[in-house]
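Asker: Under my numbering, read the sequence shown as residues 7 to 85, first letter to last. Glycine included, every Cβ here is placed at the ideal spot set by N, Cα and C. Predicted model only: the values in this text are computed from it and were never measured.
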Amino acid sequence: MSQLETFETLLMEAFEIKREEIRDDVTPDDLENWDSIVHMDLCAKFEESFNISLDVEDITEMQTLGLMKEVLRRYGVDL
7 MSQLETFETL LMEAFEIKRE EIRDDVTPDD LENWDSIVHM DLCAKFEESF NISLDVEDIT
67 EMQTLGLMKE VLRRYGVDL
């Protein structure tokens with residue numbers, strides 16, 4: 007599985023959404039399941055799946071799915 011596929015799978019599982027609902031402009035206001043607990047759990051899964059350690063500033067920056075991609079790319083994740 008590619009890193010992009012892993013990223014999308016983690017999003018689908020965390021937010022209980024379908025692949026076609028994944029868009030860069032999606033925010034917590036757009037998804038019922040996107041709360042602080044789910045956000046932190048998802049970040050932990052990113053760290054585990056991609057073998058990275060996210061800074062607190064980067065975690066709080068992830069306010070859209072597009073920003074999640076941008077942050078993960080800075081850590082060398084191939085999205």
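Would you please state the rounded distance, in angstroms, between the beta carbons of residue 6 and residue 71? I believe it to be under 8 Å.
Answerer: What the structure shows of the chain is the stretch from 7 to 85, and residue 6 is not part of that stretch, so it cannot be assessed.
Asker: What's the call for residue 43, buried or exposed, on a 16-neighbour Cβ count within 10 Å?
Answerer: exposed
Asker: Using 10 angstroms around the beta-carbon of residue 62, count the other beta-carbons present and answer buried if the total reaches 16, otherwise exposed.
Answerer: exposed
Asker: How is the alpha helix (DSSP H) around residue 15 delimited, first residue to last?
Answerer: 9-21
Asker: In terms of alpha-carbon separation, which member of 24, 64 and 69 lies closest to residue 35?
Answerer: 69
Asker: Are residue 2 and residue 13 touching if we call contact CB-CB under 9 Å?
Answerer: In the structure as shown, the chain begins at 7 and stops at 85. Residue 2 is therefore absent and cannot be evaluated.
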